[in-house]
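Residue numbers (the working numbering): 12 to 726. Even for Gly, the Cβ is constructed at its ideal location relative to N, Cα and C. Notes to accompany the following structure.
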């Protein structure tokens, strides 16, 4: 059993509760199997099992304790053995350190003696070496002091070029100190040979560059650095490196990769790579890019193409400068920007004038194309002409003669979103170029000029003109035929164009002028323009509403029969024909208004429209007399009007028509109920005179006038 307990204890994780459960389960199984089956519970057997298990566990505990003590003794003995061994190793390590220190002292002593010996040898050998070198130079010098050609092999053997370079460089330096009177010929011979060797070195360098022999180039550059023609070596490298095409016709493509490639070579070859690389890049700007820009910008006949090319070249040059700045010396931090300005200074000086001229031409052309497509010749829209039109139309209406024909152009608004988008796109491109090509001091002024051009053509010559034509095309009030309201389309398109203009101004204009003195000028001009536009829109909407409501007034006066509200016999209670026709036409107008006007303006227009409609219907009902059947018809009419004005979504107008409906109930109720209706919740807030006026419209008013039914109402 002890081995079985050990197996259970060594399981991970060990749970005491589970161990007791398993012990209980085994005991119950043994008891039940011994008695022949069943599930009886035997507490005595379980108690005996627990007592025996506790005894077994105590025995197991004693054995484990003994084993632990034995292992602890063994561990202590091993610890003592290892401690002794570590002590011995430490003693040996300390001995090795002492020996190493002694050896280091001996090495230093020997090294000191060797250095002293070397210095003594050098002191003896240096004068001797210098003497030998001086003797060689004198031997070479002797050939230049005598007449005739130089025959020494060192100057004629191509394989000894490096040696010849070293000799001639030293001879050239010595010759500079010789008096010219006595050694003129010798100095000339030395200078000639000096130039010859220098030229051969440069040629060798160029050959090595073609074969990309970096080590040879480095050696030659090091030798040439002692010659006065070292700059010619650098120039030769730059010229040969930039001789191959950059990237075909577009030189910008290959410049950065080329500079990156040659910078790695320059770092390995030249002792002053930063200065060489600066000169390398300087040559690109002053020769390659400058000539490329002249070629591209030479033709100014097509100003639009010229501006696009200028913008592209300038922006790409600035980006190139940013990419190449990593190769420039810190002292040349602003050099690339200065070089860029030198390339484009002539073009940038006259940029603003060309941009303004080009934008003016583009906008003018777009306008001409638009009006030409509409086969329309622009007219003078003077204010007195509008007044004359109104007077003629009014006289013609009153006299029933056609004095002046109102021109509505068949519903054409002469407003084009496409035209506006084209102009705005052109202006957006101009603003974009202006931000890049204008100097910081001139940017705000140039942007304002371009914005003025846009406002002139888009808003003054296009939108304002269309608004004027739209105003003149609005039908006169109180016309006999239902007016065709095209002005709402003018309002819709005007709003769209203004929104597009606002969006462009926020992204392209305001950021350029926000913190400048030009900002107040911009805000003032914009406010004046918007006030003019809003004034004409308000005027046109007012006229349009008047035209519709005027038609309702005239139509009801002419088409609403007296018998509709005072029939001589009982008729079916239905809405009048005049009312249904008015409602049908009003519904189309409301739909058009909601389609073309938005925001707070829509709410105001619908409120004004509903208020004027209510006034016309109210006044119209005041001209009628009503009997019982007619009152029912009037209530049906008012209900139709109420259904119609629900589309206005105006609580105020809904309330007005609810009150009108309640007033119409005064025409229908029995006389004895009049007082009760008048004091109801809807009519109690009205002035008594309004209530009396409606009661007086009843056909039986004379009969009930002096009765008690009207007591307190007619007083």
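Residue of the options minimising C-alpha distance to residue i
{"i": "residue 180", "options": "556, 289, 92, 240", "result": "240"}
{"i": "residue 672", "options": "514, 654, 380", "result": "654"}
{"i": "residue 254", "options": "275, 102, 221", "result": "221"}
{"i": "residue 184", "options": "172, 197, 192", "result": "197"}
{"i": "residue 549", "options": "106, 251, 506, 30", "result": "506"}
{"i": "residue 269", "options": "94, 426, 335, 232", "result": "335"}
{"i": "residue 343", "options": "352, 578, 289", "result": "289"}
{"i": "residue 574", "options": "607, 524, 594, 642", "result": "642"}
{"i": "residue 56", "options": "577, 37, 584, 448", "result": "37"}
{"i": "residue 58", "options": "80, 618, 35, 568", "result": "35"}
{"i": "residue 359", "options": "447, 585, 570", "result": "447"}
{"i": "residue 528", "options": "452, 541, 499", "result": "452"}
{"i": "residue 652", "options": "611, 589, 693", "result": "589"}
{"i": "residue 483", "options": "511, 552, 603, 296", "result": "552"}
{"i": "residue 597", "options": "609, 559, 571, 586", "result": "559"}
{"i": "residue 233", "options": "280, 611, 454, 113", "result": "280"}
{"i": "residue 546", "options": "502, 520, 292", "result": "502"}
{"i": "residue 219", "options": "231, 619, 208", "result": "231"}
{"i": "residue 440", "options": "385, 425, 516, 282", "result": "516"}
{"i": "residue 537", "options": "293, 513, 100", "result": "513"}
{"i": "residue 202", "options": "129, 592, 176", "result": "176"}
Residue burial classification, residue i (beta-carbon count within 10 angstroms, cutoff 16)
{"i": "residue 444", "result": "buried"}
{"i": "residue 328", "result": "buried"}
{"i": "residue 716", "result": "exposed"}
{"i": "residue 65", "result": "exposed"}
{"i": "residue 457", "result": "buried"}
{"i": "residue 675", "result": "buried"}
{"i": "residue 524", "result": "buried"}
{"i": "residue 632", "result": "buried"}
{"i": "residue 648", "result": "buried"}
{"i": "residue 711", "result": "exposed"}
{"i": "residue 494", "result": "buried"}
{"i": "residue 714", "result": "exposed"}
{"i": "residue 74", "result": "exposed"}
{"i": "residue 86", "result": "exposed"}
{"i": "residue 692", "result": "exposed"}
{"i": "residue 571", "result": "buried"}
{"i": "residue 91", "result": "exposed"}
{"i": "residue 306", "result": "exposed"}
{"i": "residue 333", "result": "exposed"}
{"i": "residue 9", "result": "With the chain covering 12 to 726 only, the question about residue 9 has no answer from this structure."}
{"i": "residue 111", "result": "exposed"}
{"i": "residue 474", "result": "buried"}
{"i": "residue 437", "result": "buried"}
{"i": "residue 413", "result": "Interpretation of residue 413 is limited by its pLDDT of 43, a score under 50 that renders its predicted location unreliable; the figure taken from the coordinates is listed afterwards. Per the 10 Å Cβ criterion, exposed."}
{"i": "residue 363", "result": "buried"}
{"i": "residue 287", "result": "buried"}
{"i": "residue 93", "result": "exposed"}
Any non-hydrogen atom of the ligand NAP closer than 7 Å to residue i Cβ
{"i": "residue 272", "result": "Among the components modelled here there is no ligand, and therefore nothing to report on the ligand NAP."}
Residue i - partner residues in DSSP beta bridges
{"i": "residue 637", "result": "709"}
Extent of the continuous alpha helix (DSSP H) run through residue i
{"i": "residue 457", "result": "451–465"}
{"i": "residue 551", "result": "529–570"}
{"i": "residue 445", "result": "428–448"}
{"i": "residue 357", "result": "346–360"}
{"i": "residue 686", "result": "685–689"}
{"i": "residue 215", "result": "191–221"}
{"i": "residue 389", "result": "Note, residue 389: premise wrong, no alpha helix (DSSP H); not H, not E."}
{"i": "residue 180", "result": "172–186"}
{"i": "residue 676", "result": "662–676"}
{"i": "residue 576", "result": "573–576"}
{"i": "residue 499", "result": "498–515"}
{"i": "residue 334", "result": "314–335"}
{"i": "residue 291", "result": "284–294"}
{"i": "residue 603", "result": "588–607"}
Neighbour flag for residue i against chain D, beta carbons, 8 Å
{"i": "residue 32", "result": "The displayed structure is made up of one protein chain only, and chain D is not part of it."}
Assess contact between the region 211–224 and the region 241–250, defined as three or more Cβ pairs (one per stretch) separated by less than 8 Å. Is contact present?
Two segments are said to touch when three or more pairs of C-beta atoms, one from each, lie closer than 8 Å; by this definition the region 211–224 touches the region 241–250.
Is the number of C-beta pairs between the region 673–693 and the region 655–663 that are closer than 8 Å three or more?
Not touching, per the Cβ criterion.
Just checking, does the region 459–478 make contact with the region 366–377 on the three C-beta pairs under 8 Å criterion?
Touching, yes.
Check whether the region 531–550 touches the region 559–579, counting contact only when three or more Cβ pairs, one atom from each stretch, lie closer than 8 Å.
Judged by Cβ distances under 8 Å, the region 531–550 makes no contact with the region 559–579, as fewer than three pairs qualify.
The region 375–382 contacting the region 429–438, beta-carbon criterion three pairs below 8 Å
Counting Cβ pairs under 8 Å, three or more are found: they touch.
Check whether the region 694–714 and the region 623–638 touch, using three or more Cβ-Cβ pairs below 8 Å as the test.
Contact between the region 694–714 and the region 623–638 is present, because at least three Cβ pairs lie under 8 Å.
Does the pairing of the region 560–570 with the region 612–627 give three or more beta-carbon distances under 8 Å?
The region 560–570 vs the region 612–627: in contact.
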